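Step one of this worksheet: look at the structure below.
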Amino acid sequence: MASTGIVWTEGFLRHDTGPHHPERPDRLTAIYERLRQTGLLKRSVIIEPPYVDLKLVERVHAREYVDRFRRHCEQGEHAIDTPDCPICPSSYDIARLAAGGCVAAVDRVMAGELRNAFCPVRPPGHHAEYRSAMGFCFLNNTAIAAEHLHAEHGVERVAILDWDVHHGNGTQHQFDADAGTLFISVHQHPYTLFPGTGFEWETGAADAVGLTLNIPMMPGTGDEEYREAFEEQILPKIAAFKPGFILVSTGFDAHEQDPLGQINLSTDAFGWMTRQVRALADSLCGGRLVTILEGGYDLASLADSTQAHVEGLMNHGAHPPGD
Ligand SMILES: [Zn+2]
90 MASTGIVWTE GFLRHDTGPH HPERPDRLTA IYERLRQTGL LKRSVIIEPP
140 YVDLKLVERV HAREYVDRFR RHCEQGEHAI DTPDCPICPS SYDIARLAAG
190 GCVAAVDRVM AGELRNAFCP VRPPGHHAEY RSAMGFCFLN NTAIAAEHLH
240 AEHGVERVAI LDWDVHHGNG TQHQFDADAG TLFISVHQHP YTLFPGTGFE
290 WETGAADAVG LTLNIPMMPG TGDEEYREAF EEQILPKIAA FKPGFILVST
340 GFDAHEQDPL GQINLSTDAF GWMTRQVRAL ADSLCGGRLV TILEGGYDLA
390 SLADSTQAHV EGLMNHGAHP PGD
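With the first letter of the sequence shown counted as 1, position 196 gets the number 285 in my numbering; the numbers rise by one all the way through.
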């Protein structure tokens with residue numbers, strides 16, 4: 090089976106962050122319209138997201154926090170934990186759909202029904218911590234998908250690659266001491282960008298020392314430096330880990346047009362990075378790969394990068410590694 094799945098529900102558009110917030114519904118509308126106009130949506134299998142199982146969520150977040158998130162939404166609060174995490178009454182339910190969609194994508198790939206899948210969900214997840222919302226994120230979708238792979242599917246080794254321009258702090262902290270999960274984050278240098286973590290010396294704890302790899306990039310970094318990081322560090326590190334499944338936190342905010350970061354990746358770089366990881370998944374773990382949207386705030390380049398990304402997921406075997 091060579092199909093690519095795409096998680097989609099219009100429900101994702103109803104997480105209302107207010108009039109001036111960069112993490113806004115228009116982001117997903119831009120992605121959806123581009124995938125529709127290019128025919129990529131038609132070539133995909135649409136995955137309808139279910140609500141995530143709360144027992145699974147509690148592997149990643151404290152019950153106290155999850156309850157507080159639900160109550161804040163029910164009570165009509167306007168934000169939780171920090172002003173940059175705005176909520177509306179539906180945000181709790183929509184966050185459960187976002188995480189549930191990622192879990193459903195993992196299930197379909199594990200069942201062999203799909204080769205791989207892209208989850209353009211919102212709200213995003215990689216900054217969400219065990220007890221708090223952070224950086225536009227409420228439930229850590231990628232961490233929840235990885236825990237599901239371990240707990241439900243018995244996958245011993247899961248590799249997570251996070252190429253959002255911001256460090257994936259919540260995901261890293263979830264798996265700091267987990268020898269079954271490799272976490273790699275390539276992001277703008279923490280001295281120069283939120284959330285201020287993700288230094289090279291953060292390498293994991295206990296039995297998992299060496300299973301966290303942070304690659305900070307200075308502002309102005311572009312395609313060549315990312316290509317070098319992939320070829321010399323990221324791809325060999327994943328290959329040596331021999332994962333049974335690869336997850337990608339695919340933010341598109343390292344694009345040169347993005348207003349939140351100062352990294353200068355071209356649209357083509359997102360296609361190239363996707364093809365590298367897809368080829369690696371094909372060679373290591375039967376192609377089992379699910380990618381999960383994080384950031385990306387310039388609508389035109391978000392649509393362009395997403396198109397390149399989904400094309401990269403689909404063209405199994407069409408490009409040799411290194412093209
Ligand atoms: Zn980001």
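Idealized CB from N, CA, C, for every residue including glycine.
Quick caveat: nothing in here was measured; it's all calculated off a predicted structure.
{"Asked": "For the alpha helix (DSSP H) containing I183, name the first residue and the last one.", "Found": "S180 to M199"}
{"Asked": "Between the Cα of G53 and the Cα atoms of H215, T171, F225 and F283, which residue gives the shortest distance?", "Found": "Residue 53 is absent from the model: the chain starts at 90 and stops at 412."}
{"Asked": "Taking 7 angstroms as the cut-off, is the beta-carbon of D342 closer than that to any non-hydrogen atom of ligand 1?", "Found": "yes"}
{"Asked": "Taking all protein chains shown into account, decide if V298 is buried (16 or more other Cβ within 10 angstroms of its Cβ) or exposed.", "Found": "exposed"}
{"Asked": "Strictly by DSSP, which residues pair up with N230?", "Found": "Beta-bridge pairing links N230 to no other residue."}
{"Asked": "For the region 193-213 and the region 92-100, state whether three or more C-beta atom pairs, one from each stretch, are separated by less than 8 angstroms.", "Found": "yes"}
{"Asked": "Since N303 is in the beta strand (DSSP E), which residue starts that stretch and which ends it?", "Found": "T301 to M306"}
{"Asked": "Consult DSSP for S390 and reduce its assignment to one of helix, strand or coil.", "Found": "helix"}
{"Asked": "If I measure Cβ to Cβ from L369 and keep anything under 8 angstroms in the same chain, skipping five residues before and after, which residues do I get?", "Found": "L324, I327, A328, I335 and P410"}
{"Asked": "Would you say the beta carbon of V337 is closer than 7 angstroms to some non-hydrogen atom of ligand 1?", "Found": "no"}
{"Asked": "Name the residue from L349, R364 and M307 whose alpha carbon lies nearest to the alpha carbon of E320.", "Found": "R364"}
{"Asked": "Determine the direct distance from the alpha carbon of E245 to that of T118, and round the result to whole angstroms.", "Found": "36 angstroms"}
{"Asked": "How would you call D412, buried or exposed, if buried means at least 16 neighbouring beta carbons within 10 angstroms?", "Found": "With a pLDDT of 45 at D412, under the threshold of 50, the modelled position of that residue is not reliable, and no figure is offered here."}
{"Asked": "Thinking C-alpha only, which one of I183, H150 and P279 is nearest R220?", "Found": "H150"}
{"Asked": "Under DSSP, the beta strand (DSSP E) around Q31 begins and ends at which residues?", "Found": "Because residue 31 is not part of the residues shown, which for the chain are 90 to 412, the question remains open."}
{"Asked": "Taking the alpha carbon of R372 as the point to measure from, which residue in N404, K331, E313 and S355 has its own alpha carbon closest?", "Found": "First, the amino acid is wrong: residue 372 is Ser here, not Arg. Minimum Cα distance to S372 is reached at K331."}
{"Asked": "For R211 versus F101, is the C-beta spacing smaller than 8 angstroms?", "Found": "yes"}
{"Asked": "Excluding the 5 residues preceding and the 5 following A380 in the sequence, name in chain order all residues of the same chain whose CB lies nearer than 6 angstroms to its CB.", "Found": "A small fix is needed here, since residue 380 is Thr in this sequence, not Ala. Around T380: F207, V337 and T339."}
{"Asked": "From the DSSP secondary-structure annotation, give me the bridge partner or partners of V247.", "Found": "T270 and F334"}
{"Asked": "With a CB to CB cut of under 6 angstroms and the five nearest residues on each side skipped, what residues in its chain are close to G259?", "Found": "H215, H216, A217, E218 and N229"}
{"Asked": "Can at least three beta-carbon pairs, one atom from the region 303-323 and one from the region 269-277, be found at a separation below 8 angstroms?", "Found": "yes"}
{"Asked": "Is H66 near ligand 1, going by C-beta to nearest heavy atom under 7 angstroms?", "Found": "Summary: the structure shown does not reach residue 66, with the chain confined to residues 90 through 412, and so no result is reported for it."}
{"Asked": "Between the Cα of T171 and those of M223, Y386, I136 and P279, spot the shortest distance and give me the residue it belongs to.", "Found": "M223"}
{"Asked": "Rounded to whole angstroms, how far is the Cβ of I136 from the Cβ of P209, which I believe are closer than 8 angstroms?", "Found": "With 8 angstroms as the limit, I136 and P209 do not qualify as a contact, their Cβ atoms being about 11 angstroms apart."}
{"Asked": "When the Cα of P108 is compared with those of V198, D173 and L250, which residue comes out closest?", "Found": "D173"}
{"Asked": "If you count every other CB in all the chains shown that lies within 10 Å of the CB of A240, and 16 or more means buried, which is it?", "Found": "exposed"}
{"Asked": "DSSP on N404, reduced to helix/strand/coil?", "Found": "coil"}
{"Asked": "If we call anything under 8 angstroms between Cβ atoms a contact, is P139 one with V96?", "Found": "no"}
{"Asked": "Between the Cα of E400 and the Cα atoms of P114, L130 and R113, which residue gives the shortest distance?", "Found": "L130"}
{"Asked": "Taking A358 as part of the alpha helix (DSSP H), name the residues at either end of that continuous run.", "Found": "T356 to L373"}
{"Asked": "Please report the straight-line C-alpha distance between H408 and H398, rounded to a whole angstrom.", "Found": "Low confidence applies here, because H408 scores a pLDDT of 48, under 50, leaving its location unreliable; read the following figure in that light. Going by the C-alpha atoms only, they are around 14 angstroms apart."}
{"Asked": "Name the DSSP bridge partner or partners of L143?", "Found": "Paired residue(s): none; L143 is not in a bridge."}
{"Asked": "What separation, rounded to the nearest whole angstrom, lies between the Cα atoms of D357 and E153?", "Found": "43 angstroms"}
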